[in-house]
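Asks:
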Amino acid sequence: MIDSVISDLGQVLLHFDNRRFFERLAKYTSLSVEDIRAATHENGELLDLFDTGRISPREFYERAVTALGARVSQDDFYAAYNDVFTIHASALDVVRSLKPKYKLAMLSNTDPVRYGAIERAFPELFFFDAYVLSFRIGAMKPDPRVYREALRLLGARPENALFIDDIRDNLDGAARLGIAGIHFTAETDLAAELGKFGVKA
-5 MIDSVISDLG
5 QVLLHFDNRR
15 FFERLAKYTS
25 LSVEDIRAAT
35 HENGELLDLF
45 DTGRISPREF
55 YERAVTALGA
65 RVSQDDFYAA
75 YNDVFTIHAS
85 ALDVVRSLKP
95 KYKLAMLSNT
105 DPVRYGAIER
115 AFPELFFFDA
125 YVLSFRIGAM
135 KPDPRVYREA
145 LRLLGARPEN
155 ALFIDDIRDN
165 LDGAARLGIA
175 GIHFTAETDL
185 AAELGKFGVK
195 A
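Here the sequence shown stands for residues -5 to 195, where the numbers follow the numbering used here.
#1: Would you kindly work out how many angstroms separate the C-alpha atoms of Tyr125 and Leu101, rounded to a whole number?
#2: Apply the 10 Å Cβ neighbour rule to Arg82 and answer buried if 16 or more other Cβ atoms are within range, or exposed otherwise.
#3: Please state whether the Cβ-Cβ distance between Asp(-3) and Tyr96 is less than 9 Å.
#4: Rounded C-beta distance between Leu98 and Leu92? I'm assuming under 8 Å.
#5: Among Lys135, Leu25, Arg52, Glu36, which residue has its Cα nearest to the Cα of Gly63?
#6: Assuming the contact rule is C-beta atoms closer than 8 Å, Ile158 and Ser1 should be a hit. Round their C-beta distance to whole Å, please.
#7: Look up Leu19 in the DSSP assignment and give the residues it is bridged to.
#8: Going along the chain, which residues of its own chain have a beta-carbon closer than 8 Å to the beta-carbon of Ala33, five neighbours each way excluded?
#9: Check each candidate in Val89, Met(-5), Thr179 and name the one with the smallest Cα separation from Leu119.
#10: Using 9 Å as the threshold, is the C-beta distance between Gly4 and Asn103 below it?
#11: Report the residue ranges of all alpha helix (DSSP H) runs contained in full by the segment 111 to 185; include only those spanning at least 4 residues, in chain order.
#12: Using CA coordinates, which residue listed in Pro51, Arg146, Glu143, Asn164 is at the minimum distance from Tyr109?
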């Protein structure tokens, strides 16, 4: 029986569109939006370092603007970097309705700057019993350590937990530990999918 639900943040409870960041940043560089997108993908290891807390916000900013040839202050860079989010209200309402019948954890690959911005802008997201954040624990999904930490904080067994995420590799990582999952997409009826596991508000 499911007694614990672990939810991803980005593209489940909160939409994000990095194109908004690329468009704002294009004002500070000679690169096009598509060039910025390509450069971001080519430097994906930089974001991984930031998401796992191995570099500081200052170092991330300096390395990012160097890679992009951008002339922008740190404040303006992060103002653009954080301006990508909107609430996914229907999914949020469904997950929030599970409390207090179920133990709830947020599990997110994120960095301290964006997470801080989310805390300030969207306080309605913060009703969970536990928060497992990659930059705090030094590991990202699908590393098994992140799922084990969520289970530990909730006092849950893998067979009694359910994980919601938009990325199949992350769901596969949880499944290897015996945690069932829901692949969330824009078309997902989350209440109906939860119901298939006997999870109801």
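Virtual Cβ for every residue (Gly too), placed ideally from N, Cα, C.
Replies: Reading it off the structure:
#1: For this step, residue 125 is matched to residue 131 along the sequence shown. For this step, residue 101 is matched to residue 107 along the sequence shown. The alpha-carbon atoms of Tyr125 and Leu101 are separated by roughly 6 Å.
#2: Here residue 82 is taken as the residue at index 88 of the sequence shown, counted from 1. The sequence given here places His at residue 82; Arg does not occur at that position. With 16 or more other Cβ atoms within 10 Å, it is buried.
#3: Against the sequence shown, residue -3 aligns to sequence position 3. Against the sequence shown, residue 96 aligns to sequence position 102. Contact: yes.
#4: As a position in the sequence shown, residue 98 is number 104, starting the count at 1. As a position in the sequence shown, residue 92 is number 98, starting the count at 1. Their Cβ separation, rounded to whole angstroms, is 6 Å, which keeps Leu98 and Leu92 in contact under 8 Å.
#5: Position 69 of the sequence shown, counted from the first residue, corresponds to residue 63. When each option's Cα is compared against that of Gly63, the closest is Leu25.
#6: Taking the first residue of the sequence shown as 1, we reach residue 158 at position 164. Taking the first residue of the sequence shown as 1, we reach residue 1 at position 7. The Cβ separation is near 5 Å, so the contact holds.
#7: Here the question's residue 19 lines up with position 25 in the sequence shown. DSSP, once it has assigned bridges, lists no residue as partnering Leu19.
#8: For this step, residue 33 is matched to residue 39 along the sequence shown. Excluding sequence neighbours, Ala33 sits near Leu25, Ala61, Leu62.
#9: Taking the first residue of the sequence shown as position 1, residue 119 is located at position 125. When each option's Cα is compared against that of Leu119, the closest is Val89.
#10: Against the sequence shown, residue 4 aligns to sequence position 10. Against the sequence shown, residue 103 aligns to sequence position 109. Taking 9 Å as the Cβ cut-off, Gly4 and Asn103 qualify as a contacting pair.
#11: 128 to 131, 138 to 148, 162 to 169
#12: Here residue 109 refers to the residue found at position 115 of the sequence shown. Checked all of Pro51, Arg146, Glu143, Asn164; the closest Cα to Tyr109 is Pro51.
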